[in-house]
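Inspection log for the structure reproduced underneath, given as structure tokens.
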Amino acid sequence: MTLTAASARPVSLLRALVPPTIALALLLIATLTVQPWLESLWGFEHPRWVERLHRGILAAYAAVGVWFAFALVWIVGLEWILSRATKKAVPRIIKDFCGVIFFFVAVAICIAILFDGVFGSLLTLSSIFGIVIGLALRPIILDVFSGLSSNLESAYQIGDWITLESAKGNHTGWVMEVNWRTTLLRTRAGTIVVCPNSLFSTSVVLNHTRPHIESRIDFRLRLPPEVPCERAIELIMRGVMAETTHPEGPRVHPAPEVLVSDLSHTGVEYWVRFWMDNTAYSQNTVMSRVQQSVMRHLRMAGIRLSSGRQEIYLGRLQNGSAHLDDVADRIAVLEGVALFLGLGRDSLRTLASNVQLRRFGAGEVLVKEHAHTTEMYVVLEGHLQAYTDKGGRRIQFGRLLPGDFFGEMAMLTGDPRSASVATTTPVVLFEIERGTIMKLVEEEPALLETLSRNLANRRRQQEQAIESAEADRLGSAEPLQLTLLRRMQLIFRSSRIPWNSR
Numbered sequence: 003m004t005l006t007a008a009s010a011r012p013v014s015l016l017r018a019l020v021p022p023t024i025a026l027a028l029l030l031i032a033t034l035t036v037q038p039w040l041e042s043l044w045g046f047e048h049p050r051w052v053e054r055l056h057r058g059i060l061a062a063y064a065a066v067g068v069w070f071a072f073a074l075v076w077i078v079g080l081e082w083i084l085s086r087a088t089k090k091a092v093p094r095i096i097k098d099f100c101g102v103i104f105f106f107v108a109v110a111i112c113i114a115i116l117f118d119g120v121f122g123s124l125l126t127l128s129s130i131f132g133i134v135i136g137l138a139l140r141p142i143i144l145d146v147f148s149g150l151s152s153n154l155e156s157a158y159q160i161g162d163w164i165t166l167e168s169a170k171g172n173h174t175g176w177v178m179e180v181n182w183r184t185t186l187l188r189t190r191a192g193t194i195v196v197c198p199n200s201l202f203s204t205s206v207v208l209n210h211t212r213p214h215i216e217s218r219i220d221f222r223l224r225l226p227p228e229v230p231c232e233r234a235i236e237l238i239m240r241g242v243m244a245e246t247t248h249p250e251g252p253r254v255h256p257a258p259e260v261l262v263s264d265l266s267h268t269g270v271e272y273w274v275r276f277w278m279d280n281t282a283y284s285q286n287t288v289m290s291r292v293q294q295s296v297m298r299h300l301r302m303a304g305i306r307l308s309s310g311r312q313e314i315y316l317g318r319l320q321n322g323s324a325h326l327d328d329v330a331d332r333i334a335v336l337e338g339v340a341l342f343l344g345l346g347r348d349s350l351r352t353l354a355s356n357v358q359l360r361r362f363g364a365g366e367v368l369v370k371e372h373a374h375t376t377e378m379y380v381v382l383e384g385h386l387q388a389y390t391d392k393g394g395r396r397i398q399f400g401r402l403l404p405g406d407f408f409g410e411m412a413m414l415t416g417d418p419r420s421a422s423v424a425t426t427t428p429v430v431l432f433e434i435e436r437g438t439i440m441k442l443v444e445e446e447p448a449l450l451e452t453l454s455r456n457l458a459n460r461r462r463q464q465e466q467a468i469e470s471a472e473a474d475r476l477g478s479a480e481p482l483q484l485t486l487l488r489r490m491q492l493i494f495r496s497s498r499i500p501w502n503s504r
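Quick note on the numbering used here: the sequence shown kicks off at 3 and runs consecutively.
Structure (structure tokens):
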């Protein structure tokens, strides 16, 4: 049977009061038994030992009374009143400290009863020894009182994720235990850092868990001054938002921010700020994902980071970004697409001249599963999600970021769409139709072999990534390439294609 908090308090009170009550009862029984014997001996001429025994019984009563008072203070004062006020369990170190105080009070009372005439001398002597011992044990005493003050101030508690910044170095980890002299921190690397409590009183403590678990982190980057601020902020924000769908990415709420923090002739500095759960994921991991995504968006847009040097242009000043309407800039983008590796400059120029620039808003479905469409897409900006519907349930299995492409199998082999693709942020894409590839093949029939080889390599990478059983069945890349080549030849039939090649 489980006890509630209200019913557990009387139980804890009884458990705390039972030992001193039993001790008091035994002491009363002993007193009632010995008292008549003491009274019979009280008439001796020098009953000094009888007086000392009497004082001993009084000291015992005093010690049991202090014990009883400690139980009441601990249960009623600390566990009931203080825990209700702070809404958390009272640390063990506070109970121990109260126990030490009551212990010394009991010792002082017992000494006063047993040694009535010499109590003042003993008190003076103990004060002198206390000063000497205090000076000798100053670091230990400082650790004890620092740990006690930290618990009373509630700056952190067990389970909090904190950073300790001191002149001797920084330490970050979960608070595992607060002892009399030390506090134990468990780092993300799995090691235990033993920090003296006195270090907390002279250091800055950052508590990442309070008042809520989300902490804001940031980084800065500088772009050339020729890039319009609106365009730069849009690309950076898309790079950050692209990682919000990943478990180890930034939080959507509170929303990320991109601010202009500095202007100079060497460039414009942008301040990127976003929120994350420091207790669940590594700040370095999340920062790495966000920065890679931002750099990918900037690279696909043809924007480079500012070099920090003053540059002199002899001619028309460019804006530092790719002109997607310019054929040369389109060629530079298409050269980085894995499907078009090995294509000649003339083929890339023809391809760049015929691609269409498309823009879509967030939440639009570009490709539907099992559809028979013939376009492929190259992602320039934004973030898309691939998914499939099984039994009325949507299963997401792939993200598409700048530099990725999709729809190539349907365009080149005629297969129906294997998955649906929808936008999660506003996106900018290159749309390539089958007719454009057919025009290239008519001009250069051997181009099919290059495309089939690249397509086979991509297919094998996808299969190996998910470690499916089909990956083991595919064997080497060459038979897969021949299979894809035959299917592509059926699509791009031309009298100039050497059907009996290879």
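Cβ coordinates follow ideal geometry from the N, Cα and C atoms, glycine included.
On the three-state DSSP scale, how would you describe residue i?
i              : result
serine 263     : strand
valine 207     : strand
tyrosine 63    : helix
glutamine 387  : strand
lysine 441     : helix
valine 109     : helix
valine 1       : Only positions 3 to 504 of the chain appear in this structure, which leaves residue 1 out of reach.
aspartate 406  : coil
leucine 505    : The first residue shown for the chain is 3 and the last is 504, placing residue 505 beyond what the model contains.
aspartate 505  : Here the chain has residues from 3 to 504 only, and residue 505 is not among them.
aspartate 417  : coil
glycine 161    : coil
glutamate 228  : coil
leucine 450    : helix
isoleucine 305 : coil
alanine 73     : helix
threonine 352  : helix
In or out: residue i buried (at least 16 other Cβ within 10 Å) or exposed?
i              : result
isoleucine 397 : exposed
asparagine 172 : exposed
arginine 488   : exposed
threonine 287  : exposed
glutamate 366  : exposed
threonine 193  : exposed
histidine 261  : Looking at the sequence shown, residue 261 is not histidine but leucine. Result: exposed.
arginine 347   : exposed
For residue i, write down the residues that DSSP places opposite it in a beta bridge.
i              : result
glycine 173    : It is worth fixing the name first, because residue 173 is histidine in this sequence and not glycine. Answer by DSSP bridge pairing, in chain order: Leu166.
tryptophan 273 : Arg222 and Leu261
leucine 431    : Arg360 and Val381
glutamate 179  : Leu186
isoleucine 397 : Thr390
In whole angstroms, give me the CA-to-CA distance for residue i and residue j.
i                 : j                : result
alanine 421       : methionine 411   : 11 Å
serine 284        : proline 249      : 12 Å
phenylalanine 221 : phenylalanine 72 : 54 Å
alanine 388       : arginine 253     : 21 Å
valine 270        : serine 349       : 38 Å
asparagine 356    : histidine 374    : 22 Å
glycine 338       : glutamate 179    : 53 Å
threonine 165     : methionine 289   : 18 Å
valine 430        : arginine 332     : 13 Å
threonine 185     : alanine 25       : 36 Å
arginine 298      : glycine 241      : 8 Å
lysine 370        : lysine 392       : 14 Å
threonine 23      : leucine 116      : 23 Å
aspartate 327     : proline 418      : 31 Å
isoleucine 305    : leucine 450      : 33 Å
leucine 486       : alanine 458      : 7 Å
glutamate 216     : glutamate 433    : 39 Å
glutamate 301     : threonine 426    : This sequence places arginine at residue 301; glutamate is not what is there. C-alpha separation (whole angstroms): 20 Å.
arginine 212      : glycine 394      : 41 Å
isoleucine 559    : alanine 64       : The chain is shown from 3 up to 504; residue 559 falls before or after that span and cannot be answered.
valine 20         : valine 68        : 14 Å
alanine 257       : arginine 275     : 9 Å
leucine 345       : leucine 442      : 10 Å
serine 200        : leucine 403      : 49 Å
leucine 187       : isoleucine 103   : 29 Å
Tell me the residue span of the beta strand (DSSP E) that contains residue i.
i              : result
isoleucine 194 : 194 to 198
alanine 2      : Within the shown structure, residues of the chain are numbered from 3 to 504, placing residue 2 beyond reach of any answer.
leucine 237    : Taken as a continuous stretch (DSSP letters only), leucine 237 belongs to no beta strand (DSSP E), being part of the alpha helix (DSSP H) at 231 to 243.
Just reading off the alpha helix (DSSP H) that residue i is part of, what are its end residues?
i              : result
isoleucine 215 : No alpha helix (DSSP H) holds isoleucine 215; DSSP gives it neither H nor E.
glutamate 337  : 329 to 337
threonine 247  : That residue, threonine 247, is in no alpha helix (DSSP H); it is neither H nor E in DSSP.
arginine 301   : 285 to 302
At a Cβ threshold of 8 Å, is residue i touching chain D?
i             : result
glutamate 216 : Within the model displayed, chain D is absent; a lone protein chain is all it includes.
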